[in-house]
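Numbering (the numbering used here), first residue to last: 203 to 510.
Even for Gly, the Cβ is constructed at its ideal location relative to N, Cα and C.
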């Protein structure tokens, strides 16, 4: 029986707790939230915002957990081996095989609802295997519907009535702190989202790219977008008055907006009771591993009409 005084949620591969942000945004009360995560920086950010979350540690130790029966189990296991940009080992890969932990947890607890996310650029055979194991077909959604990024993902869930979010027509110019970067701080673009789940920082690209150069949307073989476009599979060129473009990195706060997180959500973390600032490198990594919150909130809100 699902108690509407608040869900008991089990979040596997919790990261920076985008799942909790999405539940709150969807207006779904949470009575108890268990989180399994091993990255100390991601957990510190989560602890800064949600000190009351019950933390379980490594997902591989799930059989030893003593937890209440979850109403909802959510998660997105590592995609490095599943992504076509990875090593091609799929569900047999060292990291992506952790999907089976999610499947085993679902089989053991049999929650009222479950929700699983992973990359859409995986082999059909891997997607079909996940569907067979979970017993549902995925919904393919691109984050460009609610954000200024191209981020295509599969979402498997037994929540009834799932649909695509409505298109909001959000572009890079809507989330940037500034339309261009001063010459003294200009850098070529290194923030990407297209290869795996982290923001890659390409030193080779930096070495062969000038700070100022003419418009070239395919420079160096990489895909680069204008501010009136959407990004994260590539980077950003910004207009300057002389007709040239200055290239710069996307800022962490801009990447938070691309993931529809609150501004500066990843700036600080709680490390053993002490608040410390998080490095940009770790912020990029955490945001790359995170979820587009408004997509998740849109899907989870259907729980409200299906509680008993």
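- [ ] Report the residue ranges of all alpha helix (DSSP H) runs contained in full by the region 213-250; include only those spanning at least 4 residues, in chain order.
- [x] 220-227
- [ ] Along the beta strand (DSSP E) that carries residue 301, what are the first and last residues, could you check?
- [x] Against the chain shown, residue 301 aligns to sequence position 99. Taken as a continuous stretch (DSSP letters only), residue 301 belongs to no beta strand (DSSP E), being part of the alpha helix (DSSP H) at 301-311.
Open item on the list: Cutting at 8 Å between CB atoms, please list the residues of its own chain near residue 311, excluding the five before and the five after it.
Closed with: Along the chain shown, read from residue 1 onward, the residue named residue 311 stands at position 109. Within the same chain, residue 311 has close Cβ partners 212, 271, 272, 275.
- [ ] Give the DSSP-derived three-state secondary structure of residue 275 in the structure shown.
- [x] Residue numbering aside, residue 275 sits at position 73 when the chain shown is read from its first letter. It is a strand residue.
Open item on the list: From the DSSP secondary-structure annotation, give me the bridge partner or partners of residue 342.
Closed with: Mapped onto the chain shown, residue 342 falls at position 140. Paired residue(s): 356.
Open item on the list: Let me check understanding here. Comparing Cα to Cα, which of 209, 245, 210, 506 lies closest to residue 220?
Closed with: Within the chain shown, residue 220 is the residue found at index 18, counting from 1. Measuring from the Cα of residue 220, the nearest candidate turns out to be 245.
Open item on the list: Which same chain residues end up closer than 6 Å to residue 256 when comparing Cβ atoms and leaving out the 5 residues on each side of it in sequence?
Closed with: Start at 1 with the first residue of the chain shown, and residue 256 comes out as number 54. These residues qualify, in order along the chain: 236.
- [ ] Take residue 454 and list the residues in its own chain whose beta-carbon comes closer than 6 Å to its own, dropping the five residues that flank it on each side.
- [x] Position 252 of the chain shown, counting from 1, holds the residue named residue 454. Closer than 6 Å at Cβ, skipping near neighbours: 482, 485.
Open item on the list: Let me check understanding here. Comparing Cα to Cα, which of 266, 269, 267, 299 lies closest to residue 282?
Closed with: By one-based count along the chain shown, residue 282 stands at place 80. Nearest option by C-alpha distance: 299.
- [ ] Assign residue 209 to one of three DSSP states: helix, strand, or coil.
- [x] Stepping through the chain shown from its first residue, residue 209 is reached at position 7. The answer is strand: DSSP assigns residue 209 an E or B state.
Task: residue 323, enclosing beta strand (DSSP E) - first and last residue - done: Locating residue 323 in the chain shown gives position 121, counting from the first residue. Run containing residue 323: none; DSSP gives neither H nor E here.
Task: 8 Å contact criterion, which residue 223 and residue 497 should meet: CB distance rounded - done: Here residue 223 is taken as the residue at index 21 of the chain shown, counted from 1. Here residue 497 is taken as the residue at index 295 of the chain shown, counted from 1. Contact doesn't hold; Cβ gap of about 12 Å is too wide.
Open item on the list: So, at 6 Å on beta carbons, what are the nonlocal neighbours of residue 503 in its own chain, with the 5 sequence-adjacent residues on each side left out?
Closed with: In the chain shown, residue 503 corresponds to position 301, counting from 1. If we look at residue 503 and ignore the five residues flanking it on each side, its Cβ neighbours are 228.
Task: Boundaries (first-last residue) of the beta strand (DSSP E) holding residue 479 - done: Taking the first residue of the chain shown as position 1, residue 479 is located at position 277. Run containing residue 479: 476-479, per the beta strand (DSSP E) assignment.
- [ ] Just grab the DSSP bridge partners of residue 178 for me.
- [x] Outside the displayed span of the chain (203 to 510) sits residue 178, for which this structure offers no information.
- [ ] Run the proximity test for residue 356: is its beta-carbon closer than 7 Å to any non-hydrogen atom belonging to the ligand ADP?
- [x] Looking at this structure, you won't find the ligand ADP or any other ligand, since it has none at all.
Task: Reference residue 360, options 239, 337, 247, closest by Cα - done: Your numbering for residue 360 matches position 158 in the chain shown. Among 239, 337, 247, the Cα nearest to that of residue 360 is on 337.
Task: residue 377, DSSP secondary structure in three states - done: On the chain shown, residue 377 is found 175 positions in, with the first residue counted as 1. In this structure, residue 377 counts as coil in the three-state DSSP scheme.
TODO: Less than 8 Å between the CB atoms is what I'm expecting for residue 278 and residue 328, so what's the real figure, rounded?
DONE: As a position in the chain shown, residue 278 is number 76, starting the count at 1. As a position in the chain shown, residue 328 is number 126, starting the count at 1. Not confirmed; about 14 Å, so no contact.
Task: Residue(s) in a DSSP beta bridge with residue 285 - done: Indexing the chain shown from 1 puts residue 285 at position 83. Answer by DSSP bridge pairing, in chain order: 324.
Open item on the list: Taking 8 Å as the threshold (C-beta atoms), are residue 368 and residue 456 in contact?
Closed with: In the chain shown, the residue the question calls residue 456 occupies position 254. In the chain shown, the residue the question calls residue 368 occupies position 166. No, the pair does not count as a contact, with Cβ atoms beyond the cut-off.
Open item on the list: My output table needs one value for residue 497: the three-state DSSP class, helix, strand or coil.
Closed with: Within the chain shown, numbered from 1, the residue matching residue 497 stands at position 295. In this structure, residue 497 counts as helix in the three-state DSSP scheme.
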